[in-house]
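The block underneath contains the structure these notes are about, expressed in structure tokens.
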Amino acid sequence: MESINAADTAWLMVCSALVLLMTPGLAMLYGGMVRAKSALNMVLMSFAALAVVTITWIMLGYSLAFGASTWGLVGDLREIGLVDMLDQTYGVEGHKVPMVVFVMFQLTFAVLTTALLSGAIADRAKFGSWVLFTIVWSLVVYAPIAHWAWGFQGGQGGWIGDRLGALDFAGGTVVEINSGASALALALVLGRRIGFRRDPMRPHSLPLVMLGAGLLWFGWLGFNPGSALAADGTAAVALINTQISGAGAILAWLLFEKIRDGKATTFGAASGAIAGLVAITPACGFVTPLGALAIGIAAGLVCAWAVGLKYRLGFDDSLDVVGVHGVGGIVGMLGIGVFAATVANAAGANGLVFGGGFGLLGKQTIAVLGTMVFAFSMTWVIATIIDKTIGFRVDPEDEIAGVDTTQHAESAYDYAGVSGGSVLGAHPVSGQR
Amino acid sequence: MESINAADTAWLMVCSALVLLMTPGLAMLYGGMVRAKSALNMVLMSFAALAVVTITWIMLGYSLAFGASTWGLVGDLREIGLVDMLDQTYGVEGHKVPMVVFVMFQLTFAVLTTALLSGAIADRAKFGSWVLFTIVWSLVVYAPIAHWAWGFQGGQGGWIGDRLGALDFAGGTVVEINSGASALALALVLGRRIGFRRDPMRPHSLPLVMLGAGLLWFGWLGFNPGSALAADGTAAVALINTQISGAGAILAWLLFEKIRDGKATTFGAASGAIAGLVAITPACGFVTPLGALAIGIAAGLVCAWAVGLKYRLGFDDSLDVVGVHGVGGIVGMLGIGVFAATVANAAGANGLVFGGGFGLLGKQTIAVLGTMVFAFSMTWVIATIIDKTIGFRVDPEDEIAGVDTTQHAESAYDYAGVSGGSVLGAHPVSGQR
Amino acid sequence: MESINAADTAWLMVCSALVLLMTPGLAMLYGGMVRAKSALNMVLMSFAALAVVTITWIMLGYSLAFGASTWGLVGDLREIGLVDMLDQTYGVEGHKVPMVVFVMFQLTFAVLTTALLSGAIADRAKFGSWVLFTIVWSLVVYAPIAHWAWGFQGGQGGWIGDRLGALDFAGGTVVEINSGASALALALVLGRRIGFRRDPMRPHSLPLVMLGAGLLWFGWLGFNPGSALAADGTAAVALINTQISGAGAILAWLLFEKIRDGKATTFGAASGAIAGLVAITPACGFVTPLGALAIGIAAGLVCAWAVGLKYRLGFDDSLDVVGVHGVGGIVGMLGIGVFAATVANAAGANGLVFGGGFGLLGKQTIAVLGTMVFAFSMTWVIATIIDKTIGFRVDPEDEIAGVDTTQHAESAYDYAGVSGGSVLGAHPVSGQR
Amino acid sequence: MRLITAIIKPFKLEAVKEAFQAIGIDGMTVSEASGYGRQRGHVEVYRGAEYTVDLVPKVRIEILADESDVDRVVDAIVGAARTEKIGDGKVWVTPVERVVRVRTGEQGHDAI
Amino acid sequence: MRLITAIIKPFKLEAVKEAFQAIGIDGMTVSEASGYGRQRGHVEVYRGAEYTVDLVPKVRIEILADESDVDRVVDAIVGAARTEKIGDGKVWVTPVERVVRVRTGEQGHDAI
Amino acid sequence: MRLITAIIKPFKLEAVKEAFQAIGIDGMTVSEASGYGRQRGHVEVYRGAEYTVDLVPKVRIEILADESDVDRVVDAIVGAARTEKIGDGKVWVTPVERVVRVRTGEQGHDAI
Ligand SMILES: Nc1ncnc2c1ncn2[C@@H]1O[C@H](COP(=O)(O)OP(=O)(O)O)[C@@H](O)[C@H]1O
Ligand SMILES: Nc1ncnc2c1ncn2[C@@H]1O[C@H](COP(=O)(O)OP(=O)(O)O)[C@@H](O)[C@H]1O
Ligand SMILES: Nc1ncnc2c1ncn2[C@@H]1O[C@H](COP(=O)(O)OP(=O)(O)O)[C@@H](O)[C@H]1O
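Just so you know, the protein sequences line up as chains A, B, C, D, E and F, in that order.
For the first sequence, this note's numbering gives the first residue as 1, with consecutive numbering after it.
For the second sequence, this note's numbering gives the first residue as 434, with consecutive numbering after it.
For the third sequence, this note's numbering gives the first residue as 867, with consecutive numbering after it.
For the fourth sequence, this note's numbering gives the first residue as 1300, with consecutive numbering after it.
For the fifth sequence, this note's numbering gives the first residue as 1412, with consecutive numbering after it.
For the sixth sequence, this note's numbering gives the first residue as 1524, with consecutive numbering after it.
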């Protein structure tokens, strides 16, 4: 192997681990947000995405995303199965890392983004259909968009990043807008949960939600600065911006709630944190700390308002993937057009307030729209095909009884015998078959 | 940017992430320790500190702590908002890191320390008052003490570290004694919970407590060795010492319980772990592994005894910030005076048992006392002003009903429908306003 | 200190933290798997192992494992208490790290392996006997086996790794087979739980199990690639292989369940993940990604089948340490004999499918058998002695009432007053003694 | 004075509450229960070990009412809680000798 | 033989227990319940969606007692559980035909 | 029609269920309860603060049965739930005026 930079390699390997942890973190966040009767299904959808997308990514996805570009739309299939890749390196001179470390780092993004979508279809999806969906989606939707934004091949690569020149540091299009738009399509195809807007569907465990939010924040400190692909000054800027934006958005969301509802909530803090981290994702390597603060505050306010849209418009995006990731991602992508500053990153650009004019904002807008249209329509097609063939939604009785028992033959909790009585019920028919 | 050391940069960025995770970890620890009716408020106080102090730190706090010193008491205001800081570096030649990485690393300490205080006022604080308190406290109490201990400016910096020459590797004064003394003041100003010493107030979820302890331990492995500010031999010593002291304190606390109460408890293990990690915090970079073991064992025994003081003396430091952080911090600071050894760190000193005489112990004692007096009295003043103006404590009815519903309009759990019955109650008045 | 490699040092320190977190992660996994009445005891057994083995390791264990070899069986006692070790380094030229970092990294393995055993004796062990057991076992069983596999001393070291030349990258023998075989001995000595094969003993909290699995996966990304002891290409290969094998095993286990039981389960995903991570542990640095996939799939299928053996054969290995770690470890060790490839690691060897013939497979088999026999018999002897003297198992009434209250005077949860009623009971006899 | 106890399916609680409001009953006590009867439970599987969970979640409702109201209450419950699937539950009526409101000490009819 | 059932505020359980000790009652069965009545519940808000939680946590106490003890038991409960705020709960008394102690098979007065 | 209520030790529920199957009773309602009586609770200690937990977990079983079945049901419970250790619990029988099956509206004997 050509000489690699050990510090960058260590950094990227650690960041890979940090981002990987975000998927179990998301599983906790999502699992806590649903009712107890479907908590496991929610958790399992994330773990299944982890397993499935790991395999699809090394087999095909990585190559589709980072292989040689066809018209800026998608990579080729020369690097499947990671065969012959073990002694290759990735990166610019002086910052080379083993190629498989880059593959792994990108893999963790693909996994997380796929898992995010499950939030749109809580409580009602057939598990087998979800597994099938993740296989197809990770290859047909995720990999191409990753190619668009990050397939840099000297101006001959992905159309968003390499040709148009829109900026997306760590996944505003690839991860956030992509998941938001796809989630909307999924929510529309599967339809509303029984009892949507009528029954209480409050989070069954907010401590689990907060744990998930904490793990996600932690992981995001690898997700964003790791996207510098080196332990350098840009990573440092991305690191502190990530922190600032998340913090600003928490405060903004809590303030919004305090004013509108009279009380600031714990769930609001978790939601604000994620909104702020989402919004800074594309911007973290291109803006100054004060720019990050502005983006965070904007994301907190806009997303706090946006999560209510589903009730007005009537689509059941159960855990607000659209309102938080989609809308937050747009805030961040457009925020770059406003706040980007070459003082933060010489390889970046200047946005509106730093005298760069409307050019960058225009590019960012095109990137946003392109991602939205593609992700929404492709996901709608995939989900519809699955729904019309093997079915994507469980029977109404199964939904009412809860997908944990009906899809997985499990229940999340059995606290029997702990506080005030022991219960009840289960006896082994057969220890083992 | 001048040439930075990529390995040290990577290390410090990772350590920042590790320390950041400690605040959600603390939220779990604290959240699990209170009754279920105030678990969310407890968790939210930590997340609010995370958000607030991130902003106060980058705006003013960092500059107050690390700006040019006035009489060794506080820094100036030249570095607010991190403006013009993006291309600066921090550190000695050969170990330079981007300045903002140092800002971020220190930020995570300020956040955690502020969050620690909430343990003193569980179950009864107005949330808005807490938010206000964290803004003021992080600037007026934390930043100066950080300046005292760590504002090294060639003998012209902070009075404790740079002038007096007392040793505090990772925050025995700044984090531990500071939080302990401040917590005592807070507990006194807010007064005892209704039912203190009468009603059962046992932890509602010890698994959550243990999870928090585990995350804290993990983070501490960045907190302490990261304070070397380089991936070097001192960091290595700090790393193993941290591990050893935590382990020794667990065993000491369990033994203490076994002898006094007849049984070793899970909660005791968590408490011992934290006591040992607290005590080694100032000492980890200055003592040998056997010294770390001695300090850990001492901390386990002393803190196990000290947590009972509140019942005797009648102050309701609800989650034992005084007994664990305050007392543990003192054990560690004085432990340096006894066990410090230049064989562990040439830049350190020799304590009593390594032939250094009483000089170091004297300096350590002065540092302890100075921190205690300042932190206690300033916090008392701040909290009293808040209490007399907007009020710091909720109404008795709200306290009895639980601050989760009364302050945040939320409940932590809804396990309905899982084990033995579905309940009950909530129906949406309006999906969304 | 001789010049160390800062990048490798940073990497190994971070990996130490990652592996350390696995023990609390295991505590969550195990704690969630048992009934609520013994959740704390389960958690505490892990934390106690953490504390005890930290001390035994620095005092004696490290020296027994890595001191100068006697006949390839065990190290000497020259390095006890880490005295005089603070300025030494470890590693090959150019990749040197402070010796204590290596000690710490290895320490986290010793801790975790010891904690793993507790899964075999859930719900029924005397806590004091467990503590005693961990002291002895970590020195008498773990340290020698670590010496066998990893005590490299130029062909004069441990018999498995250094003399026989069997391959074990990160602990297939030392951690996995060792814990599996020892667990079997423990399960046999303590006997079956009351109600084994009759009463329902389902996991009381699967979200806790999944959290544990997530933390373990995260930690494993330090455990396996960290075992390269450098941030190099071998670490990179180990990293991606770990991810792939875990993913493959999840899918295999879920498929197995779907076919046999009709439903894929959340618990199955956690179990598959661990099986796959276990199996790749020895192999991760020696096989190609496709080899890792094959090993992962094999582990998922074989372990899914193996966890049923205990019901047929009648030994109560409560949490399936044998079926997952023992069997998974064997799959991985033998998998090396089949899939090892010098293209993945020039310092490795070629297995069966890469034209290496049966030689390597033979060596691997000998390593497996040697470890199994030694671990099983030694553990059986230690546990039997403890059982015959101070007793290893609690009284039947205590077991039925639950070891949490009877061994530790605690209960895991008190959700009173949260959903539908407040309960009940506890009042303080005395605030404090 | 009578005590009417009903065991119903949990998700029917809201409907019963509404039916009560319609007939002017505005007090009741609710608790969780598990039912065993014709309605089967379900099977759960953990690492291949199968458990039959044969108790089904139910809600118990208790209403103190004047004798003259009993029929209306029973009819309201039966009307609102019926799904016509097995497991809809039971309603039963027991005599009550005395009722006291804790807050005021009022007795009998005035207490409810 | 009578069964006295009381629904009270959870934090009053301890006081009732003490009142019972004072009058020599040393057995009871306690369970969780939720009350619906004049006392209002509270509102919760999750991401802007408002829920009315209209069931209030209560504790149910059941005491088997001789007919002659009924008044003392009822008075003890009412005395100890009263806060004079809405929602203090109810006490009611129902006839019991037969009581058996499982351990010994003793019946009636001897069983309690 | 009678209502038989039993408070038993939780781990005896399975045995009682089997005893019922033997005598052809195949419906009941089960709930969690806590008992206070001769059987002592236990002490818990948190950071040195001691709590007496004096309520012991129990299970409550309720069976509606014809008058003629009462003896068999009571005997089945007492037989199955007895451990002869303190705290085995109580069984009591109360009169029921009316029983309705929600699903069908059937009354009395047909409802159970
Ligand atoms: N003999 C009984 N005594 C008390 N409760 C009963 C009895 N039989 C049934 N139940 C309760 O009524 C519920 C419904 O009974 P089940 O036989 O399942 O359906 P259905 O009433 O529709 O025929 C049960 O879950 C149980 O809670
Ligand atoms: N008709 C009723 N039947 C059964 N329980 C009732 C009835 N009315 C009230 N309760 C119970 O009594 C509790 C207190 O009643 P509520 O009307 O709120 O206050 P109060 O008794 O002080 O007037 C309720 O929470 C409920 O548990
Ligand atoms: N007077 C009573 N009224 C109602 N329940 C009672 C009464 N006395 C006891 N119990 C219930 O019976 C259970 C067993 O009673 P206890 O006195 O402990 O043992 P035993 O019945 O074997 O003498 C208690 O836990 C409680 O639930």
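Even for Gly, the Cβ is constructed at its ideal location relative to N, Cα and C.
Quantities reported herein were computed from a predicted structural model and do not represent experimental measurements.
- Per DSSP, reduced to three states, the secondary structure at glycine 1446 of chain E is strand.
- Using a cutoff of 8 Å, the CB of glutamine 1450 of chain E counts as near ligand 2, since one of the ligand's heavy atoms is closer than that.
- Straight-line spacing of the CA atoms in lysine 821 of chain B and tyrosine 415 of chain A works out to 44 Å.
- As the crow flies, the alpha-carbon of alanine 706 of chain B is around 20 Å from that of serine 1004 of chain C.
- One finds Val1344 in chain D with Cβ atoms closer than 7 Å to the Cβ of threonine 1131 of chain C, taken in chain order.
- For lysine 1581 of chain F, the distance from the CB to the nearest heavy atom of ligand 1 is not below 8 Å.
- Within the region 282-367 of chain A, the runs of alpha helix (DSSP H) at least 4 residues long that lie entirely inside it are, in chain order, 289-306, 309-313, 327-339.
- When secondary structure is reduced to three states using DSSP, histidine 580 of chain B falls in the helix class.
- Bridge pairing for isoleucine 1530 of chain F: F/Arg1583, F/Lys1613 [DSSP].
- Residues Ser479, Phe480, Ala482, Leu483, Thr541, Val544, Leu545, Ala548 of the same chain have their beta carbon placed closer than 8 Å to that of threonine 456 of chain B, with the five preceding and five following residues left out of the count.
- Taking the beta carbon of valine 307 of chain A as reference, the chain E residues within 8 Å of it are Arg1458, Gly1459, listed in sequence order.
- Inter-residue distance for threonine 1131 of chain C and glycine 391 of chain A is about 20 Å (C-alpha atoms, whole angstroms).
- With contacts defined by Cβ atoms closer than 9 Å, glycine 604 of chain B and glycine 505 of chain B do not form a contacting pair.
- Assignment of serine 1071 of chain C by DSSP, reduced to helix, strand and coil, places it in the strand class.
- Under the three-pair Cβ rule at 8 Å, the region 7-27 of chain A does not count as touching the region 55-75 of chain A.
- Its chain contains Ala1538, Val1539, Ala1542 as the residues whose beta carbon lies nearer than 6 Å to that of alanine 1603 of chain F, once the 5 sequence neighbours on both sides are disregarded; these appear in chain order.
- Positions of the alpha helix (DSSP H) runs, each at least 4 residues long and wholly inside the region 179-242 of chain A, are given as 206-226 in order along the chain.
- Between glycine 724 of chain B and alanine 773 of chain B, the C-beta gap is smaller than 9 Å, which places the two residues in contact.
- Setting aside the 5 residues that flank it on each side, valine 307 of chain A is surrounded in the same chain by Asp320, Gly323, each with a C-beta closer than 6 Å to its C-beta; the list follows chain order.
- Burial of leucine 1105 of chain C is indicated by the presence of at least 16 other C-beta atoms within 10 angstroms of its C-beta.
- Close CB contacts of leucine 926 of chain C within its chain, under the 8 Å cut and outside five residues either way in sequence, are with Leu943, Ile946, Leu1005, Ala1009 (chain order).
- Within 8 Å of the C-beta of tyrosine 1559 of chain F there is at least one heavy atom belonging to ligand 3.
- For leucine 515 of chain B against valine 533 of chain B, the beta-carbon gap comes to about 7 Å, under 8 Å, which counts as contact.
- Neighbours of alanine 1588 of chain F in chain E, taken as residues whose beta carbon is under 7 Å from its own, are absent, since the nearest beta carbon is some 12 Å off.
- Interface residue (Cβ-Cβ distance to chain D less than 9 Å): arginine 1451 of chain E is not classified as such.
- Under a criterion of Cβ atoms nearer than 7 Å, no residue of chain B is adjacent to isoleucine 1140 of chain C; the nearest Cβ is some 18 Å distant.
- Within the region 525-602 of chain B, the complete alpha helix (DSSP H) runs of at least 4 residues fall at 532-550, 560-570, 576-583.
- Counted as a single uninterrupted DSSP element, the alpha helix (DSSP H) harbouring alanine 905 of chain C occupies residues 905-922.
- Between lysine 1532 of chain F and valine 1614 of chain F, the CB-CB gap reaches or exceeds 9 Å.
- Taken through DSSP and simplified to helix, strand or coil, alanine 842 of chain B comes out as coil.
- Between the region 376-386 of chain A and the region 173-185 of chain A there are three or more C-beta pairs closer than 8 Å, enough to call the two in contact.
- Not a single CB atom of chain C sits nearer than 9 Å to the CB of tyrosine 1335 of chain D.
- The C-beta of arginine 990 of chain C has 16 or more other C-beta atoms within 10 Å across all chains shown, which makes the residue buried.
- In this structure, DSSP gives threonine 606 of chain B a helical state, which the three-state scheme calls helix.
- For alanine 68 of chain A, not one C-beta of chain E is nearer than 9 Å to its own C-beta.
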